[in-house]
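Trainee:
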Ligand SMILES: [Zn+2]
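In my numbering, the protein residues as written are 1 to 487.
(1) Quick check: the Cα distance between residue 237 and residue 207, rounded to an integer number of angstroms?
(2) Which of helix, strand or coil does DSSP assign to residue 239?
(3) Using three-state DSSP, classify residue 154 as helix, strand or coil.
(4) Just to confirm, does residue 202 get its C-beta within under 7 Å of one of the non-hydrogen atoms of ligand 1?
(5) Based on Cα-Cα distance, which residue from 323, 366 and 353 lies nearest to residue 343?
(6) Thinking residue 435 and residue 420 are a contact (beta carbons under 8 Å), I'd like their distance in whole angstroms, please.
(7) Can you find a heavy atom of ligand 1 that lies under 7 Å from the Cβ of residue 465?
(8) I'd like the span of the alpha helix (DSSP H) that includes residue 118, first residue to last.
(9) Give me the pocket residues for ligand 1, defined as CB within less than 5 Å of any heavy atom, sorted by chain position.
(10) Quick check on the DSSP output: what are the complete beta strand (DSSP E) runs of length 3 or more inside the region 140-212, in order along the chain?
(11) So within the region 74-140, which uninterrupted alpha helix (DSSP H) runs reach at least 4 residues, ignoring any that extend past its ends?
(12) Would residue 337 and residue 230 be called neighbours here (beta carbons separated by less than 8 Å)?
(13) The alpha helix (DSSP H) that contains residue 271, what's its start and end?
(14) Rounded to the nearest angstrom, what separates residue 352 and residue 358 at their Cα positions?
(15) Could you give the C-beta distance for residue 145 and residue 196, rounded to a whole number, given that I count them as a contact under 8 Å?
(16) So the candidates are 422, 439 and 452; which of them puts its Cα closest to the Cα of residue 124?
(17) To the nearest whole angstrom, what separates the beta carbons of residue 384 and residue 295, a pair I think is in contact under 8 Å?
(18) Could you tell me the alpha carbon to alpha carbon distance between residue 274 and residue 428, rounded to whole angstroms?
(19) Any contact between the region 33-40 and the region 182-193? By contact I mean 3 or more CB pairs, one from each, below 8 Å.
(20) For residue 32, which residues of its own chain have a beta-carbon under 8 Å away from its beta-carbon, when the five flanking residues on both sides are left out?
(21) Short of 6 Å in beta carbon distance, which residues of its chain neighbour residue 103, apart from the five on each side in sequence? Order them along the chain.
(22) Bridge partners of residue 282, per DSSP?
(23) Among the residues of its own chain, which have a CB less than 7 Å from the CB of residue 481, if the five just before and after it don't count?
(24) Applying the criterion that 16 or more other CB atoms from any shown protein chain within 10 Å of the CB defines a buried residue, is residue 371 buried or exposed?
(25) Measuring alpha carbon to alpha carbon, tell me which of 210, 378 and 70 ends up nearest residue 138.
(26) Quick one, which of 442, 426 and 398 has its alpha-carbon nearest residue 392's?
(27) Could you round the C-beta distance between residue 50 and residue 81 to whole angstroms and report it? I think they count as a contact, below 8 Å.
(28) Hey, would you say residue 324 sits closer than 8 Å to residue 298, going by beta carbons?
(29) With a cut-off of 8 Å on the beta carbons, I'd call residue 268 and residue 286 a contact; round off their distance for me.
(30) Helix, strand or coil for residue 415? Go by DSSP, reduced to three states.
(31) Quick check on the DSSP output: the beta strand (DSSP E) that includes residue 394 runs from which residue to which?
(32) Output the distance between the C-alpha atoms of residue 405 and residue 449, rounded to the nearest integer angstrom.
(33) So, with DSSP's three-state summary, where would you put residue 55?
(34) Between residue 402 and residue 394, how many whole angstroms is the CB-CB distance? I'm expecting something under 8 Å.
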């Protein structure tokens, strides 16, 4: 446990000498004890399980159809964490312009599954660790932050007094699994957590506000929760239910009836290198992939997730030459796909994009690129010449007003972002409204493609995979037995 001297008392200490140091140190352990007591004592420290149900509404910041207007989405979710038996259940429905995206993850203590309710199939989950899929819900639950404060008391660091909503608070920094450190604001009188902040390296300050605390199952919990990104509201809680230490239904941790297994999940923990031709590669890891084409004199790339430089390095290793990345094609304006754009700029690449996206890049880049670093596409563009050329097409879909498709005629390959794909090695990927609207836009171009690679998936798809996916599309209707969906 760290004890830190209050800044205000430091001057007194210097004058009074070190003899008083023990008396004047802030006792963060005592503060944590008061927080534990305020939240329910043993009911908190010996928590066996909890359930959080929340309905959020929020702007689609950085993910809107067009950069100038943030459309709204809804997200209804339920996290049940059976701590004592190592089980977890996470169900969510994300509702946006692309339709309803259901997500169900079940960890039964031995196996972890992800279930696609839309098509009735299940596969191995990405991770069995509840912090990977439930960490966001845990961070928006003040009771669980108090529990984490207790669990991490040896590493807790007192940061000093602060005022929040005109009330005196103490601030304490603690570690949290799979996250940057959290700073908790603890009301100096009630010892309840009313705010939490943490820093996201890409997005800036993340703020969590907890209000209307009530007693439930012998613990305390906020019933109103708001989440902001860099000062802008991002998730507005519209109805929260929290329960603790109740008896849990075992059926929750079993696979739903009438579900069929998916193919094997592709292991993407190491860099995946797909050779499409001696000069064309699709390379990436986890959820971020790029395509690179050596057009003879230089390299043209597309797919802007963070880690671009590492993927280009793999391409250089695979081709055995180190031609420079002359052009990086920016698929669309969504912030996750701009994460590697500063890497492209640092490598000296010209960004191939559309006018709207230039403005977004100027806002998000740390490098203040000059206008000469942008090459804007009007409808279509060809980079390179002859057999090794790359063709770029701008198409509009329900996902984004502008999407740049990257087509390599010599290998009959299309690279696209966010419209199609699955994490599995085989089987037909589930389609959504994005897939269908891309199929219409791509069909109109009459390209002679027979392969599709994507920004999020390791698999190389056939044109047939895409056609079958689109043919099997059915808009998701909330099932009667899943009331969380229709909230
Ligand atoms: Zn997108």
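Even glycine gets a Cβ: it sits at the ideal position worked out from N, Cα and C.
The model shown is predicted, which means the values in this text are computed figures rather than measured ones.
Mentor: Concretely, from the data shown:
(1) 14 Å
(2) strand
(3) coil
(4) no
(5) 366
(6) 5 Å
(7) no
(8) Element bounds for residue 118: n/a, residue is neither H nor E.
(9) 334 and 418
(10) 157-164, 167-176, 179-187 and 193-200
(11) 130-139
(12) no
(13) Taken as a continuous stretch (DSSP letters only), residue 271 belongs to no alpha helix (DSSP H), as it is neither H nor E.
(14) 9 Å
(15) 6 Å
(16) 422
(17) 3 Å
(18) 20 Å
(19) yes
(20) 149, 150, 153, 156 and 172
(21) 92
(22) 274 and 291
(23) none
(24) exposed
(25) 210
(26) 442
(27) 6 Å
(28) yes
(29) 5 Å
(30) strand
(31) 390-395
(32) 12 Å
(33) strand
(34) 6 Å
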